[in-house]
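Here the sequence shown stands for residues 3 to 404, where the numbers follow my numbering.
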Amino acid sequence: MTDVARRTDAVPLYGERYRTDPAGMYAQIREKHGPVAPVLLEGDIPAWFVCGYRELHQVTTDATLFARDTRRWNGWETVPDDWPLLPHLVHNPSVMFTEGPDHRRRAGALSDALDSVDQFELASLCERIADQAIDRFAGAGEAELMSQYASRIPLRATAMMCGVPESAARMLVDDVMGVLGSSTANQMAVFGRLQDEMQRLVDHKRVSPGSDVPSHLLADPVNLGDEEILSDLLVVLLQAHQQTTNWIGNTIGLMLTEERFAITLSGGRASVGDALNEVLWHDTPTQNYLGRIATRDTSLGGRRIRAGDLMVLGLAAANADPQVRPAGGAVGNRAMMSFGHGEHGCPYPAPEIAEIIAKASVEVLIDRLPDLVLSEALEWRSSVWTRGLVRLPVTFTPTYLP
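So, in structure tokens, the structure goes:
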């Protein structure tokens, strides 16, 4: 039994409090336990919660001491087969679970492929997709922006960036959107169809390469295998969909509820970048992340960490650490931990691509519908792991296409 498993003062990292006041909960944990806290995950599975900015920086920087291969975890024997967090921790062949030279090979190829994306063309593509989405509801005078807008743009843009034809990308979005909130079986069926679509795409690009991400991965001199390419494409698509969707929704919500942003809705685009940045500091889409595994006994933040202990990366908590962001302090810089850090952080230039998609989505919306008004109070999705809006209903003056 590890030291963290013996703790009787471990904090449950689940429950209603995280939906209503996650920032308050993180501050309470830090005040009581310091920068590294003993916590219990769902099912009362013990782990260490890294909520200090400097400690999180240390964990994410030292990939040798705090490794990514979750097969090292010393708690597997305590986990039931139906544990809801298994999808986050079960090792799979994607780049997310690789280490050392293999990780650098895979991550380098993925970064090079993403770096080949023409960011000006991507911005234009996102603006066109956003315009088409708004056209569908502009005449109604009301919309629910999460399902009708924010959720539709990132996946479609990323799919087309990966070489999926526009018609197929549109159907893919409709397929994914159709199962949100439905049964696990339906969601798994859609995931299977997404895998099949990506496999067909890779097969096609091998014969007819183009200027797209899978073609660059296939041509990379590190000679990636089919399983590697397929799994990494799925990571790109799914991560871009969930996190960028919430980044867009959280930013629109901020601009509709905070006067210092709302007053510029009818005029200034300059505030959109500020709003996007503030969301990453205060309401970052990825709140916490599983995880890292200690490869040997060590100490961190005054805690004794055993080999095999599970570390939960408290991204939102670290962003709010008063050691680096005093109360009321400016958040104009980009030193937040929202995209992780180190060699296992979000690969370059994925954060820049996500920002292009999010910024274009918000800018087109406020240009087209400058008198947006929130018609219900914001309702946040209940999750320790992500921060996003359940719904974003708005009203506006109807506009009709010529």
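No residue lacks a Cβ here, since even glycine has one placed at the ideal position from N, Cα and C.
(request) Would you tell me roughly how many angstroms separate the C-alpha atoms of S213 and S385, rounded to the nearest one? (result) Mapped onto the sequence shown, residue 213 falls at position 211. Mapped onto the sequence shown, residue 385 falls at position 383. Between S213 and S385, the C-alpha separation is close to 38 angstroms.
(request) Compare the Cα-Cα distances from M257 to each of L374, L67, T247, N225 and report the closest residue. (result) Counting from 1 along the sequence shown, the entry for residue 257 is found at position 255. Comparing Cα-Cα distances from M257 to each of L374, L67, T247, N225, the minimum goes to L374.
(request) In angstroms with no decimal places, state the Cα-to-Cα distance between C348 and V41. (result) Start at 1 with the first residue of the sequence shown, and residue 348 comes out as number 346. Start at 1 with the first residue of the sequence shown, and residue 41 comes out as number 39. Rounded to whole angstroms, C348 to V41 spans 25 angstroms at the Cα level.
(message) For V13, tell me which candidate among A29, G26, R21, A39 has the shortest Cα-Cα distance.
(response) Counting from 1 along the sequence shown, the entry for residue 13 is found at position 11. That would be A39, whose Cα lies nearest to the Cα of V13.
(request) Would you kindly work out how many angstroms separate the C-alpha atoms of Q60 and V209, rounded to a whole number? (result) Residue mapping note: residue 60 aligns to position 58 of the sequence shown, counting from 1. Residue mapping note: residue 209 aligns to position 207 of the sequence shown, counting from 1. Approximately 44 angstroms between the Cα atoms of the pair.
(request) To the nearest angstrom, report how far apart E79 and A170 are at their CA atoms. (result) Numbered from 1 along the sequence shown, position 77 holds the residue referred to as residue 79. Numbered from 1 along the sequence shown, position 168 holds the residue referred to as residue 170. Using only the alpha carbons, I get a separation of about 43 angstroms.
(message) Rounding to the nearest angstrom, what Cα-Cα distance links P156 and R172 in this structure?
(response) Locating residue 156 in the sequence shown gives position 154, counting from the first residue. Locating residue 172 in the sequence shown gives position 170, counting from the first residue. Their Cα atoms are separated by approximately 11 angstroms.
(request) Run the CB neighbour count on E174, radius 10 Å, all protein chains shown included, and call it buried at 16 or more, exposed below. (result) The residue labelled residue 174 in the question sits at position 172 within the sequence shown. It should be pointed out that residue 174 corresponds to Leu in this sequence rather than to Glu. Buried, by the Cβ-count rule.
(request) Taking all protein chains shown into account, decide if G194 is buried (16 or more other Cβ within 10 angstroms of its Cβ) or exposed. (result) Looking up residue 194 in the sequence shown gives position 192. With fewer than 16 other Cβ atoms within 10 Å, it is exposed.
(request) Express the C-alpha separation of Y16 and P395 in angstroms, rounding to a whole number. (result) Here the question's residue 395 lines up with position 393 in the sequence shown. Here the question's residue 16 lines up with position 14 in the sequence shown. Taking the straight line joining both Cα atoms gives about 27 angstroms.
(request) Could you tell me whether the Cβ atoms of A320 and L58 are closer together than 8 angstroms? (result) Taking the first residue of the sequence shown as 1, we reach residue 320 at position 318. Taking the first residue of the sequence shown as 1, we reach residue 58 at position 56. Contact flag set, yes.
(message) Checking 8 angstroms against the spacing of the C-beta atoms, do G227 and L203 come in under that value?
(response) Translated into positions along the sequence shown, residue 227 becomes position 225. Translated into positions along the sequence shown, residue 203 becomes position 201. No. Outside cutoff.
(message) Once the 5 residues before and after A332 are set aside, which same chain residues still bring their CB inside 6 angstroms of it?
(response) Position 330 of the sequence shown, counted from the first residue, corresponds to residue 332. A caution first: A332 carries a pLDDT of 48, below 50, which makes its placement in the model too unreliable to give a value.
(request) Express the C-alpha separation of H284 and S342 in angstroms, rounding to a whole number. (result) In the sequence shown, residue 342 corresponds to position 340, counting from 1. In the sequence shown, residue 284 corresponds to position 282, counting from 1. Residue 342 is actually Gly in this sequence, not Ser. C-alpha separation (whole angstroms): 15 angstroms.
(request) Rank N290, D177, K361, I307 by C-alpha distance to the C-alpha of N252 and give the top, closest one. (result) Residue mapping note: residue 252 aligns to position 250 of the sequence shown, counting from 1. With distances taken between Cα atoms, N252 lies closest to K361.
(message) If the criterion is Cβ atoms closer than 8 angstroms, does the pair L315 and A49 meet it?
(response) Here residue 315 is taken as the residue at index 313 of the sequence shown, counted from 1. Here residue 49 is taken as the residue at index 47 of the sequence shown, counted from 1. No, Cβ-Cβ distance for L315 and A49 is not below 8 angstroms.
(message) Any beta carbon of chain C sitting closer than 8 angstroms to that of P14?
(response) Considering every chain present, this structure includes no chain C. It has just one protein chain.
(request) Assign D1 to buried or exposed, taking buried as 16 or more other Cβ atoms, counted over all protein chains shown, within 10 Å of its Cβ. (result) Outside the displayed span of the chain (3 to 404) sits residue 1, for which this structure offers no information.
(message) Using DSSP's beta-bridge definition, name the partner residues of E146.
(response) Residue mapping note: residue 146 aligns to position 144 of the sequence shown, counting from 1. P395, per the DSSP bridge assignment.
(request) Under the assumption that R389 contacts N248 (Cβ atoms under 8 angstroms), give the Cβ distance between them as a whole number of angstroms. (result) Here residue 389 corresponds to residue number 387 of the sequence shown, with the count starting at 1. Here residue 248 corresponds to residue number 246 of the sequence shown, with the count starting at 1. 7 angstroms between Cβ atoms; contact.
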